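All remarks here apply to the structure that follows.
Residue numbers (this note's numbering): 45 to 230.
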């Protein structure tokens with residue numbers, strides 16, 4: 045942060061020169077705007093003082109007032125130039141901040157996209173497994189209508205159908221044995 049001990053014009057010049065955040069530049073620009081308004085009010089007051097000195101015929105007072113007026117006009121020019129420079133610096137700082145923010149968002153979006161792709165792959169696997177289970181149930185129902193298997197045959201069929209997936213194999217064995225028991229009773 046630019047030190048408050050320095051004059052407003054020095055702080056503004058230093059803020060423009062350095063990589064100052066846009067929020068700080070905006071605050072300094074606000075202060076410069078306030079000072080511009082004060083200088084304009086003082087210039088109007090000096091015009092009235094000049095008229096009063098001319099009416100009174102006070103040449104020494106008139107010179108002093110004109111000198112003060114010239115200093116105020118110089119300050120006004122400097123402040124207006126700094127105000128424009130601050131405006132440009134704020135836009136540049138906001139642009140840089142937006143680019144940094146966009147880069148961060150791009151990285152986060154990349155991570156989210158990777159997670160979404162992984163989730164989609166898991167969903168596709170789950171859908172494929174669900175289709176296999178449904179197909180196996182249909183096959184078991186079809187076979188179950190025409191044949192009655194004992195538990196050893198059901199286990200053998202499940203072993204063949206689901207060689208690598210022990211969870212699905214166990215589900216099919218349990219369903220087959222249950223269906224066989226229902227068929228025996230019924």
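Glycine included, C-beta positions come from ideal geometry on N, C-alpha and C.
Small disclaimer: the values here were computed from a predicted structure and weren't measured.
DSSP places residue 50 outside both helix and strand once states are collapsed to three, so it counts as coil. Counting along the chain, the unbroken alpha helix (DSSP H) around residue 77 starts and ends at 66 to 100. Residues of the same chain with a CB within less than 7 Å of the CB of residue 70, apart from the 5 flanking positions on each side, are 134 in chain order. Taken through DSSP and simplified to helix, strand or coil, residue 136 comes out as helix. For residue 84, the closest alpha carbon among the candidates 208, 119, 222, 169 is that of 119.
Nearest in C-alpha terms to residue 184, of all of 58, 215, 146, is 215.
Residues 52 of the same chain have their beta carbon placed closer than 7 Å to that of residue 75, with the five preceding and five following residues left out of the count. Residues 73 of the same chain have their beta carbon placed closer than 8 Å to that of residue 131, with the five preceding and five following residues left out of the count. DSSP places residue 207 in the coil class of the three-state scheme, outside both helix and strand. Classified as exposed, residue 171 has fewer than 16 neighbouring CB atoms from the shown chains inside 10 Å of its CB. Here the C-alpha atom of residue 116 lies approximately 28 Å from the C-alpha atom of residue 66. In this structure, DSSP gives residue 158 a helical state, which the three-state scheme calls helix.
In its chain, beyond the 5 residues on either side, 173 have a beta carbon closer than 8 Å to the beta carbon of residue 209.
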